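Taking it in order: structure first as C-alpha cells, then the write-up.
Number of protein chains: 2
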Amino acid sequence: MQVSDDEVKTFEVVIDATAKAVGKMRNEVTVYSGVSGNTFQMATDEGPVHGGDSSAPPPLAYFATAMVTCLMTQIRAFSKRLRIPINDVSVSGRCHWRGTVVGRNPYETEPIGFDLDIDIDSDASLEDLKRLIGAAKKGCFIEQTLGQANEIGHRLKVGEDWVEV
Amino acid sequence: MQVSDDEVKTFEVVIDATAKAVGKMRNEVTVYSGVSGNTFQMATDEGPVHGGDSSAPPPLAYFATAMVTCLMTQIRAFSKRLRIPINDVSVSGRCHWRGTVVGRNPYETEPIGFDLDIDIDSDASLEDLKRLIGAAKKGCFIEQTLGQANEIGHRLKVGEDWVEV
C-alpha cells in the first residue's frame, strides 16, 4: 500500500489517572493508558519536612521523569523514522520553580526554567542530529504541552453533582 | 517570633533528572530533589506497539501522576494552613493529546485538554472548599507550569562542548 507524501492522519492519546489520598501525604494512583490499554500503579509521597513519610518519590520527581524521558523516547523512535542512526542517548533535565509566601498565606508557585542537556552517541552529522532533535521536540507530548498556556478544567463533587470550580 | 501579615519570602525548588537509554525503549532515570536532598530511581518504557518491552510505565503515565498528585498534596497541605479540615480527597485526571502525521514524516503532537475531578470528604462549606481548591491551584507547581507558555532550553553535546539546539 502506498502512502502519499501529504496524506494527513491524526490519532488521539488519552491518559486517565485516578488517585486517592492515603497515609499522611501519600497518594496512590492508578493510571490507564488509552493507547496501550494498560493500567499502571504508581505512588507519591512527601518527605517529613512536608508532613510525609518518604514512602515514594514526590509528584515533581514524576514530572521531571516525564519531561526527560518523553523526549528521549521520541529521539529513539524518530531516529529510525528519519534514518539517522544513533548508538546511545542520555538526557539530563533541570526543572526550576519558585515559591512565594506572603505573611501566613499558602505559598504561590511559578515556573522559572526548564533545561535539557542531550548527549547522543552517533556517527551522524551535526545537521542530522539537529534535525532529529527538532523532530523529537515537535513529537514530544510534554514539550508541546509546556510550550503553550493550557487551561485546566476543575470540577468538585457536590452531593451527586459535579460543579465547575 | 511574629510574622507580619505582608512579609514576603521566596524559596527555590530545583529538581534534576538524569536519564540513560537502556534496552529497546526503556529509560532509567535518577532524580535528585534539591528540596529534600533525596535521590529517586525511576524507569519508563513503551509497549511493544512502540517498540518497547512494557518493563515500566510510559513517560505520559508519569506526567498524569504528577499532575493529579501535585494538586492533591497542596489540597492536604493547605487544608491545615487555611484551617479548612478535610477527611479525605480523591482526584481523577484526564490528559488528552492529539498527534498528527503528514505522509511518512514523524508525527507532531499538541495538547487538547486537561481535566481534574476533585472529590473531597469534608464538613466545610462549599465556599471554603472552593477557597481551598483556589489556593491549591496557585500553589501547585504543575498547574502553574501548564498555565503558561514555557520555553525549554536544549543543548547538545558536541565533542566536549554544549551547543544550543
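For the record, the sequence lines run as chains A and B. Start counting the first sequence at 6; every next residue gets the next number (the working numbering). Start counting the second sequence at 6; every next residue gets the next number (the working numbering). The beta carbon of each residue, even a glycine, is placed where N, CA and C say it ideally should be. Note that this is a predicted model, so its numbers are computed, not measured.
Annotation for B:L161: V168, V170 place their beta carbon closer than 6 Å to its own, counting only its chain and skipping 5 residues before and after. Taking the C-beta atoms as reference points, A:H159 is found no nearer than 8 Å to B:I157. A:Y112 and B:W102 have their C-alpha atoms roughly 30 Å apart. Between B:L131 and B:F83, the alpha-carbon positions lie close to 16 Å from each other.
Here the C-alpha atom of B:I91 lies approximately 57 Å from the C-alpha atom of A:D10. Across the set B:S97, B:L134, B:G56, the C-alpha of B:G56 shows the shortest separation from the C-alpha of A:R86.
For A:Q153, the secondary structure class from DSSP, reduced to helix, strand or coil, is coil. With fewer than 16 other Cβ atoms inside 10 Å of its own Cβ, B:R109 counts as exposed. By the Cβ neighbour-count rule, A:A154 is exposed, with fewer than 16 other Cβ atoms within 10 Å of its own.
Of all C-beta pairs linking the region 51-71 of chain A to the region 28-37 of chain A, three or more are shorter than 8 Å, placing the two stretches in contact. Contact check for A:S60 against B:A26 fails: the beta carbons are separated by 8 Å or more. Near chain A, meaning a CB-to-CB distance below 8 Å, the residues of the region 32-64 of chain B are N32, V34, V36, S38, V40, S41, N43, F45, M47, T49, E51, G52, V54, H55, G56, S59, P62, P63, P64.
Using beta-carbon distances, A:A129 does not count as an interface residue toward chain B, since no partner is under 8 Å. Ranked by Cα distance from B:T74, the first of B:V40, B:R88, B:R99, B:I89 is B:R99.
In this structure, A:P63 is the residue among A:S97, A:T114, A:I123, A:P63 with its C-alpha nearest to the C-alpha of A:T49. Taking 8 Å as the cut-off, the beta carbon of B:L65 is found closer than this to the beta carbon of A:A71.
Nearest C-alpha to A:D126 among B:E165, B:G39, B:Q46: B:E165. Between A:V40 and the set A:A24, A:V18, A:V34, the nearest pair of CA atoms involves A:V18. CA-to-CA, the gap between A:K14 and A:K143 works out to about 16 Å.
Pairing A:I147 with B:F119 gives a Cβ-Cβ distance that is not under 8 Å. Taking all protein chains shown into account, A:R81 has 16 or more neighbouring C-beta atoms within 10 Å of its C-beta and is therefore buried.
Taken in chain order, the members of the region 85-110 of chain A whose beta-carbon sits within less than 7 Å of a beta-carbon on chain B are R86, L87, D93, V94, S95, V96, S97, G98, R99, C100, H101, W102, R103, G104, T105, V106, V107, G108, R109. Distance from the Cα of A:Q79 is smallest, within the candidate group A:Y37, A:T44, A:I123, for A:I123. Within the region 41-90 of chain A, complete beta strand (DSSP E) segments of at least 3 residues are found at 44-49, given in chain order. Close CB contacts of B:D133 within its chain, under the 6 Å cut and outside five residues either way in sequence, are with I89 (chain order). The beta carbon of A:R136 sits no closer than 8 Å to any beta carbon of chain B. Residues are counted here when their Cβ sits less than 9 Å from a Cβ of chain A; for the region 150-169 of chain B these are T150, L151, G152, Q153, A154, N155, E156, I157, G158, H159, R160, L161, K162, V163, W167, V168, given in chain order. A:F16 counts as exposed, since fewer than 16 other C-beta atoms from the protein chains shown sit within 10 angstroms of its C-beta. Closest by C-alpha distance to A:L76, out of B:A24, B:M77, B:A140, is B:A24. In the three-state scheme derived from DSSP, where H, G and I count as helix and E and B as strand, B:E12 is classed as coil.
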